[in-house]
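For what it's worth, this note's numbering labels the leading residue of the sequence shown as 703, then goes sequentially. Ideal placement from N, C-alpha and C gives every residue a C-beta, glycine not left out. All values reported here derive from a predicted model rather than from experimental measurement. Below: the structure, in structure tokens.
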Amino acid sequence: MKIICVGRNYAEHARELNNEVPADPVLFMKPETALILPRQPFFYPDFSKDIHHEIELVVRINRLGKHIEPQFAHRYYNEVALGIDFTARDIQQQLKAKGLPWEKAKAFDGSACVGEWISVEKLGDIQNLNFYLTRNGEIVQSGNTSHMLFSVNHLISYISSFFTLKIGDLIFTGTPSGVGPVNINDTLEGYLEGRKNFSLRIK
Ligand code: MG
Numbered sequence: 703m704k705i706i707c708v709g710r711n712y713a714e715h716a717r718e719l720n721n722e723v724p725a726d727p728v729l730f731m732k733p734e735t736a737l738i739l740p741r742q743p744f745f746y747p748d749f750s751k752d753i754h755h756e757i758e759l760v761v762r763i764n765r766l767g768k769h770i771e772p773q774f775a776h777r778y779y780n781e782v783a784l785g786i787d788f789t790a791r792d793i794q795q796q797l798k799a800k801g802l803p804w805e806k807a808k809a810f811d812g813s814a815c816v817g818e819w820i821s822v823e824k825l826g827d828i829q830n831l832n833f834y835l836t837r838n839g840e841i842v843q844s845g846n847t848s849h850m851l852f853s854v855n856h857l858i859s860y861i862s863s864f865f866t867l868k869i870g871d872l873i874f875t876g877t878p879s880g881v882g883p884v885n886i887n888d889t890l891e892g893y894l895e896g897r898k899n900f901s902l903r904i905k
């Protein structure tokens with residue numbers, strides 16, 4: 703299983719980090735060891751002093767595919783969830799400044815959490831989903847999937863032109879604006895279409 707993440711897929715978030723709005727999807731990956739296991743907390747790593755939350759819609763691939771045409775991409779998933787793409791922002795800024803790869807900032811152990819899987823059939827239009835993240839009960843990030851620069855189906859098509867998608871692969875589709883720091887003892891909760899999708903402690 704691999705985790706493919708999309709960077710800068712919401713224009714406002716690209717701007718808040720002083721990045722250009724990209725002409726093509728920005729992709730990076732996390733290994734399977736990045737995934738937080740069920741009922742486990744996020745353990746704040748000692749190599750960073752600035753871990754940020756990035757709430758994102760996550761799509762789980764349910765068919766093997768390569769060079770998937772956008773019009774057929776919807777056949778390759780039937781469940782979505784919310785997740786957090788945890789980011790060591792301090793490390794990422796250092797790496798970006800040097801033009802180096804992001805893995806140490808993005809792909810470390812525990813850098814991905816995923817909530818409960820919800821069938822797409824239940825949710826309706828996947829490009830019109832409201833979601834938000836609370837930190838200790840206060841909303842810190844909110845978005846709607848209609849604001850994605852590249853739709854889920856476009857992303858699946860684009861990703862599959864580089865990487866074969868396999869059953870169980872996860873796609874983190876990018877974060878809206880409002881990314882910010884987390885602290886030890888915080889509780890983060892993700893809500894999808896008004897329903898709690900996950901709850902996670904920071905330890
Ligand atoms: Mg992200």
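{"query": "Taking the alpha helix (DSSP H) that SER862 falls in, what are its first and last residues?", "result": "854 to 862"}
{"query": "Judging by CA-CA distance, which residue of ILE738, ALA713, LEU894 is the nearest neighbour of ILE828?", "result": "LEU894"}
{"query": "How long is the line joining the alpha carbons of PRO883 and LEU890, rounded to whole angstroms?", "result": "11 Å"}
{"query": "Excluding sequence positions up to five away, which residues of its chain have a Cβ less than 6 Å from the Cβ of ILE793?", "result": "SER750, LYS806, ALA807"}
{"query": "Looking at C-alpha atoms only, which residue of GLY896, VAL854, TRP804 is the closest neighbour of PRO733?", "result": "TRP804"}
{"query": "Identify whether PHE865 lies in helix, strand or coil by the three-state DSSP scheme.", "result": "coil"}
{"query": "Specify which residues have a beta carbon nearer than 5 Å to any heavy atom of the ligand MG, listing them in chain order.", "result": "GLU756, ASP787, THR877"}
{"query": "Is the stretch 758 to 769 touching the stretch 778 to 789 in the sense that three or more CB pairs, one from each, lie closer than 8 Å?", "result": "yes"}
{"query": "Assuming LYS905 and PHE788 are in contact, meaning their beta carbons sit under 8 Å apart, how far apart are those beta carbons, in whole angstroms?", "result": "So it is not a contact: roughly 13 Å between Cβ atoms."}
{"query": "Which stretch, first to last residue, makes up the beta strand (DSSP E) that contains VAL822?", "result": "No beta strand (DSSP E) holds VAL822; the alpha helix (DSSP H) holding it covers 822 to 825."}
{"query": "Is the beta carbon of CYS815 sitting closer than 8 Å to the one on GLY785?", "result": "yes"}
{"query": "Beta carbon of GLY812, beta carbon of ASN711: below 8 Å?", "result": "no"}
{"query": "Does the beta-carbon of THR866 have 16 or more other beta-carbons within 10 angstroms, so that it is buried, or is it exposed?", "result": "exposed"}
{"query": "Taking DSSP's pairing of strands, which residues face GLN843 in a bridge?", "result": "LEU835"}
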